[in-house]
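Undergrad: Sharing a structure below in structure tokens format, with a few things to ask.
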Amino acid sequence: MINQGDQTIGSTEATEAFFAMTKLFQSKDATLRRLMYMGIKDMSKIANDVIIVTSSLMKDMTGKDDQFRGPAIRALCSITDTTMLQSIERYMKQAIVDKCHAVASAALVSSLHLSKGSQDVTKRWVNEAQEAVSSDNIMVQYHALGLLYHIKKHDKLAVTKLVSKFSKHSLKSPYAYCLLIRIASKLIADEDAGSDSPMYEFIENCLRHKNEIVIYEAAHAMVNMKGITTKELAPAVSVLQLFCSSPKPTLRFAAVRTLNRVAMKHPAAVTTCNLDLENLITDTNRSIATLAITTLLKTGSESSVDRLMKQISTFMSEISDEFKIVVVQAIQSLCLKYPRKHNVMMNFLSSMLRDEGGFEYKKAIVDSIIIIIEDNSEAKEAGLAHLCEFIEDCEHTVLATRILHLLGREGPRTPTPSKYIRFIYNRVILENAAVRAAAVTAMAKFGAHCEELLESCIVLLERCELDSDDEVRDRATFYVHVLRERQKALNSAYILNGLQVSVVGLERALHQYTLEPSDKPFDMKSVPLATQPLTEQRSTAGGAKEPGDTVTSKPTEKVASSRQDVYAEQLAGIPEFANLGPLFKSSSLPVELTESETEYVVRCIKHTYSRYMVFQFDCTNTLNDQVLEKVTVHMENTDDFQVLKCVPCPKLPYDSPGTTYTLVRLPEEATAVTGTFSCTLKFIVKDCDPNTGEADDEGYDDEYVLEDVEVSVADHVQKVMKPNFGASWDEVGPDNEMEDTFALSTMKTLDDAVKNIIQYLGMQPCERSDKVPEGKSAHTLYLAGVYRGGHDALVQAKLAMADGGVTMQLTVRSTDPNVSEVLVSAIG
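So that you can map any letter, position 201 of the sequence shown is 201 in UniProt numbering, and since no number is skipped, the others follow by simple counting.
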């Protein structure tokens with residue numbers, strides 16, 4: 001029952017079963033006795049008074065019957081607490097060096113578990129562990145080395161000596177060698193030494209070991225090292241290449257899986273293995289075949305794309321949906337790598353769409369086609385045509401609505417938008433209510449964007465006003481009324497660019513409005529904007545999942561809270577900040593105000609309100625003999641910014657993060673938005689006992705100088721996506737337009753200029769304008785955002801290469817003249 005985990009055993013019934021089970025100590029049946037030890041070990045976490053069997057277990061542990069001694073040690077160590085450990089220490093030391101290998105292994109593994117809670121005691125067993133490393137038994141040697149490492153792991157010098165010592169002595173256990181390689185890899189990573197480390201030489205020598213497990217472990221360690229070059233990878237890749245032709249499926253799988261990962265960062269290193277990988281495409285093990293083809297897709301050249309597609313098509317029908325998804329994502333990566341080959345790969349993806357398959361498989365194909373469309377403008381029309389064909393027979397509502405949304409966004413901006421209307425209107429006639437509603441919205445976008453299609457779209461939408469579903473009728477009626485006004489600003493605000501507020505924040509703001517009756521109408525500008533949710537789906541590097549990674553789809557039960565929603569709730573709970581108004585923005589990344597190795601580690605997160613800023617300082621005390629109290633960060637006033645108050649962190653014990661806040665009033669002058677604060681950490685420091693954390697004295701005032709904190713333009717701007725930038729530009733209008741020209745002499749490429757402008761202004765790139773096409777000497781960047789106070793801000797930056805630098809013509813439009821001035825002067 002415990003192993004299955006499908007039922008929970010209560011404390012009372014566990015205790016009763018436990019004591020009934022202990023009667024089996026009298027049994028002579030070896031199997032029953034061993035099952036009893038296992039039961040004691042598992043029940044010890046649930047039952048009460050388990051310590052009562054200690055004497056019986058100690059008797060068996062020191063008995064003559066070896067087959068009972070090992071299990072008795074394991075059971076005894078699972079019920080032993082820190083106070084009892086010293087009473088069995090002598091027996092544990094003897095068991096570690098016992099001549100019976102099963103007993104020694106049991107004692108070593110149990111010591112390893114005990115060291116997590118009682119390291120001071122297990123440290124005294126280091127001599128016995130070192131003796132056990134010289135054992136003839138491969139498992140005892142492996143377990144002894146593991147215990148030695150865990151005893152010494154906090155002492156880097158001792159660990160280095162451990163690796164140096166045993167790398168020169170030939171260990172008999174391949175498992176011990178594998179552990180030694182992992183320890184050496186960790187040391188190399190911690191020191192950031194790379195191939196210059198003497199540990200690297202040991203790992204490279206292990207590539208020539210006689211045992212395959214050790215060879216693979218060494219190759220795996222080398223390919224996962226940071227900063228390793230393609231040339232340094234060559235020995236590891238050569239070993240993996242030999243494994244590709246091994247008769248053992250496990251070795252072939254391990255080799256091709258590792259080469260697959262290498263191909264993500266160093267595709268050139270794997271090209272030498274392409275012939276061996278092609279031979280694996282027909283492997284009887286489909287996991288190996290799938291990994292081989294996805295690796296080839298990552299390393300293949302542009303000329304080999306057609307041949308690869310033919311090879312894939314021969315076995316696609318034989319593999320499961322999970323492996324098909326891996327292939328789809330690999331094709332997507334290849335298409336992004338060789339955009340000129342989009343026709344071949346897009347046709348292959350569309351043929352896969354027509355094949356049988358589940359929701360996750362179809363979703364992966366649709367996602368891939370959408371990503372290719374967004375990345376490669378030349379693939380747009382072909383991709384949209386394939387998706388239009390797919391929704392004619394699509395049985396998945398989620399995919400149909402997503403494709404309709406894409407058609408509404410991209411279709412109106414193609415050379416012949418009218419050809420998509422038929423596919424969209426078919427959905428209104430043939431599909432369920434959710435798809436019909438999405439089709440109505442897509443059709444309205446064609447009417448709002450294309451003047452020549454406006455009358456036709458209104459006619460079709462009027463027919464939808466008679467739909468049986470109220471959501472479809474309401475949408476159609478709303479869109480017809482907006483379109484008949486024939487105003488670009490209305491079309492942009494209500495059809496082309498949707499509502500961009502946080503749903504959680506909107507709910508909270510509306511609730512607050514109902515609690516405090518007011519004559520003023522509800523102001524949408526008081527609602528925080530939509531930001532990224534806290535939880536994001538994990539994906540492997542390069543976007544491709546591997547076989548074995550589970551593919552699940554769980555419907556979200558409620559809207560995920562964003563980081564900003566969480567911060568807003570935390571700050572609203574602090575009395576000093578209760579009346580600051582709605583939180584406008586929280587900085588996405590904390591600013592490090594100290595080095596990570598210093599005695600006090602401080603990070604700052606900036607929270608922006610309409611008239612104030614709150615600086616949140618997350619502090620960690622890394623000294624175990626000190627406790628800090630009344631911790632604050634003192635910020636110096638500047639000419640424009642005024643520091644109002646600090647909310648101290650009452651106590652900051654060792655390695656337990658705490659938070660202190662500083663409230664600053666923003667300048668009255670609307671265009672004064674940037675500044676630099678010098679910061680000092682102030683606190684009362686008290687010496688304490690490192691073990692208990694209790695303070696020994698009254699303490700004294702102390703301070704610690706921190707790095708400066710800067711307030712930039714980006715701290716006052718929230719990113720928003722405008723799917724149709726041109727419509728938004730017309731909507732805001734030229735009333736508050738400002739323009740200036742700049743020479744960006746420090747930026748040598750258009751890519752650098754684009755990245756720096758986006759980072760400095762803190763705005764959202766639109767129309768995929770953050771990607772500069774290869775070989776272009778001129779580019780236009782479109783940025784959108786909302787400035788503090790709820791003012792829309794749009795930027796057009798025309799960039800051109802000139803005299804080794806970049807020239808920029810910056811045009812800003814905003815609903816507030818001060819915002820335009822701030823954004824233009826920010827670059828200067």
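C-beta atoms are modelled at their ideal positions from N, C-alpha and C, and glycine is treated no differently. Owing to the predicted nature of the structure, the values given are computational and were not obtained by experimental measurement.
1) Can you pull the DSSP bridge partners for residue 836?
2) For the beta strand (DSSP E) holding HIS386, just list the boundary residues, first then last.
3) Excluding five sequence neighbours on each side, which residues of the same chain lie with their C-beta closer than 8 Å to the C-beta of ALA727?
4) To the nearest angstrom, report how far apart SER678 and VAL601 are at their CA atoms.
5) Would you tell me roughly how many angstroms separate the C-alpha atoms of GLY147 and ASN285, rounded to the nearest one?
6) Tell me which residues share the same chain as THR477 and place their Cβ nearer than 8 Å to its Cβ, disregarding the 5 neighbours each side in the sequence.
7) For SER134 and ILE188, what's the separation of their Cα atoms in angstroms?
8) By Cβ distance, which residues of its chain are closer than 7 Å to GLY581, with the 5 residues on each side in sequence left out?
9) Going by the beta-carbon positions, is the gap between LEU207 and SER173 smaller than 9 Å?
10) Where does VAL631 land, buried or exposed, given buried means 16+ other C-beta within 10 angstroms?
11) Mapping the DSSP letters down to three states, classify MET801 as helix, strand or coil.
12) Taking contact to mean 3 or more Cβ pairs, one atom from each stretch, closer than 8 Å, check whether the region 275-290 and the region 319-329 are in contact.
13) So is GLY383 buried or exposed if we call it buried at 16+ other beta carbons inside 10 Å?
14) Output needed for PHE423: all residues of its chain with C-beta closer than 6 Å, excluding positions within five of it in sequence on either side, in chain order.
15) State the Cα-Cα distance for the pair ARG261 and CYS273, rounded to the nearest angstrom.
16) With 16 other CB atoms within 10 Å as the buried threshold, where does HIS716 fall?
17) May I ask which residues mark the beginning and end of the beta strand (DSSP E) holding PRO650?
18) Per DSSP, VAL705 is paired with what?
19) Quick check: PRO650 and ASP618, are their CB atoms within less than 9 Å of each other?
20) Tell me, to the nearest whole angstrom, how far the beta carbon of HIS607 is from that of LEU571; I am working on the premise that it is less than 8 Å.
21) Whose CA, out of GLY775, TYR149, ASN137, LEU35, lies closest to the CA of LYS116?
22) Could you compute how far the alpha carbon of MET21 sits from the alpha carbon of ALA47?
23) From SER712 to THR674, what does the alpha carbon distance come to, in whole angstroms?
24) Quick one: grab the DSSP three-state call for ALA670.
25) Do the CB positions of VAL754 and SER777 come within less than 9 Å of each other?
26) Quick one: does the C-beta of SER320 sit closer than 8 Å to a heavy atom of the ligand NAD?
27) When you compare only the Cα positions, how much space is there between THR271 and ASP752?
28) Since GLY762 and ALA714 are thought to touch, with beta carbons under 8 Å apart, how far apart are those beta carbons, to the nearest angstrom?
29) Could you tell me the boundaries of the alpha helix (DSSP H) in which ASN211 lies?
30) Looking at the unbroken beta strand (DSSP E) that takes in THR659, where does it start and where does it end?
31) Between the Cα of MET738 and those of PRO339, ASP523, THR397, ILE827, spot the shortest distance and give me the residue it belongs to.
32) So within the UniProt domain "Coatomer subunit gamma C-terminal" (714-827), which uninterrupted beta strand (DSSP E) runs reach at least 3 residues, ignoring any that extend past its ends?
33) Over what stretch of residues does the beta strand (DSSP E) that includes LYS520 continue unbroken?
34) Among ASP519, LEU499, GLU516, LEU515, which has the Cα closest to the Cα of VAL527?
35) Given that a residue counts as buried once 16 or more other Cβ atoms are within 10 Å of its Cβ, and exposed if not, what is PRO765?
36) Residues in its own chain within less than 7 Å of ASP640 by CB, not counting five upstream and five downstream?
TA: Taking the structure as given:
1) Because the chain here runs from 1 to 828, residue 836 falls outside it and cannot be looked at.
2) For the purposes of this step, residue 386 is identified with residue 386 of the sequence shown, where counting begins at 1. Here HIS386 belongs to no beta strand (DSSP E); instead the alpha helix (DSSP H) covers 380-392.
3) Counting from 1 along the sequence shown, the entry for residue 727 is found at position 727. If we look at ALA727 and ignore the five residues flanking it on each side, its Cβ neighbours are ALA448, HIS449, LYS488, ASN491, SER492, LEU496, ASN497.
4) One-based indexing of the sequence shown puts residue 678 at position 678. One-based indexing of the sequence shown puts residue 601 at position 601. Their Cα atoms are separated by approximately 16 Å.
5) By one-based count along the sequence shown, residue 147 stands at place 147. By one-based count along the sequence shown, residue 285 stands at place 285. It is Leu, not Gly, that sits at residue 147 in the sequence shown. Computed Cα separation, rounded: 38 Å.
6) Residue 477 sits at position 477 when you count from the first residue of the sequence shown. Around THR477: GLU465.
7) One-based indexing of the sequence shown puts residue 134 at position 134. One-based indexing of the sequence shown puts residue 188 at position 188. Taking the straight line joining both Cα atoms gives about 26 Å.
8) Within the sequence shown, numbered from 1, the residue matching residue 581 stands at position 581. Correct list, in chain order: TYR609, SER610.
9) If you number the sequence shown from 1, residue 207 lands on position 207. If you number the sequence shown from 1, residue 173 lands on position 173. No, the Cβ-Cβ distance between LEU207 and SER173 is not below 9 Å.
10) Indexing the sequence shown from 1 puts residue 631 at position 631. Answer is buried; the Cβ neighbour count reaches 16.
11) Taking the first residue of the sequence shown as position 1, residue 801 is located at position 801. Note: MET801 maps to strand in three-state DSSP.
12) The region 275-290 vs the region 319-329: in contact.
13) If you number the sequence shown from 1, residue 383 lands on position 383. By the neighbour-count rule (16 or more Cβ atoms within 10 Å), GLY383 is buried.
14) For the purposes of this step, residue 423 is taken as the residue at position 423 of the sequence shown. So the qualifying residues of the chain are CYS388.
15) As a working note, residue 261 is residue 261 in the sequence shown. As a working note, residue 273 is residue 273 in the sequence shown. So the alpha carbons of these two residues sit roughly 14 Å apart.
16) The residue you call residue 716 lines up with position 716 of the sequence shown. Flag for HIS716 reads buried.
17) The residue you call residue 650 lines up with position 650 of the sequence shown. Note, PRO650: beta strand (DSSP E), 649-652.
18) Looking up residue 705 in the sequence shown gives position 705. Answer is THR680.
19) The residue you call residue 650 lines up with position 650 of the sequence shown. The residue you call residue 618 lines up with position 618 of the sequence shown. Their beta carbons are not under 9 Å apart, which means PRO650 does not touch ASP618 by this criterion.
20) On the sequence shown, position 607 is the one that residue 607 refers to. On the sequence shown, position 571 is the one that residue 571 refers to. That belief holds up - the Cβ atoms of HIS607 and LEU571 are roughly 6 Å apart, short of 8 Å.
21) Mapped onto the sequence shown, residue 116 falls at position 116. Taking only the C-alpha atoms, the option nearest LYS116 is TYR149.
22) Locating residue 21 in the sequence shown gives position 21, where the first residue counts as 1. Locating residue 47 in the sequence shown gives position 47, where the first residue counts as 1. Whole-angstrom Cα-Cα distance: 12 Å.
23) The residue you call residue 712 lines up with position 712 of the sequence shown. The residue you call residue 674 lines up with position 674 of the sequence shown. Cα to Cα, the separation comes out at about 5 Å.
24) Against the sequence shown, residue 670 aligns to sequence position 670. It is coil, neither helix nor strand.
25) Here residue 754 is taken as the residue at index 754 of the sequence shown, counted from 1. Here residue 777 is taken as the residue at index 777 of the sequence shown, counted from 1. Their beta carbons are not under 9 Å apart, which means VAL754 does not touch SER777 by this criterion.
26) With respect to the ligand NAD, the structure offers nothing, as it holds no ligand at all.
27) Taking the sequence shown and counting its residues from 1, the one referred to as residue 271 is at position 271. Taking the sequence shown and counting its residues from 1, the one referred to as residue 752 is at position 752. About 31 Å.
28) Against the sequence shown, residue 762 aligns to sequence position 762. Against the sequence shown, residue 714 aligns to sequence position 714. Indeed, because the Cβ distance is near 3 Å, the residues count as touching under 8 Å.
29) For this step, residue 211 is matched to residue 211 along the sequence shown. For ASN211, there is no enclosing alpha helix (DSSP H), as DSSP gives it neither H nor E.
30) Residue mapping note: residue 659 aligns to position 659 of the sequence shown, counting from 1. It spans 658-665 - the beta strand (DSSP E) in which THR659 sits, taken as one unbroken run.
31) Position 738 of the sequence shown, counted from the first residue, corresponds to residue 738. Among PRO339, ASP523, THR397, ILE827, the Cα nearest to that of MET738 is on ILE827.
32) 717-719, 738-744, 778-787, 791-802, 805-814
33) In the sequence shown, counting from the first residue as 1, residue 520 sits at position 520. Careful: LYS520 lies outside any beta strand (DSSP E) and carries neither H nor E.
34) The residue labelled residue 527 in the question sits at position 527 within the sequence shown. Nearest Cα to VAL527 within the set ASP519, LEU499, GLU516, LEU515: LEU499.
35) As a position in the sequence shown, residue 765 is number 765, starting the count at 1. Burial call: buried.
36) Here residue 640 corresponds to residue number 640 of the sequence shown, with the count starting at 1. Once the five neighbours on either side are set aside, the close Cβ partners of ASP640 are PRO667, GLU669, ALA672, GLY675.
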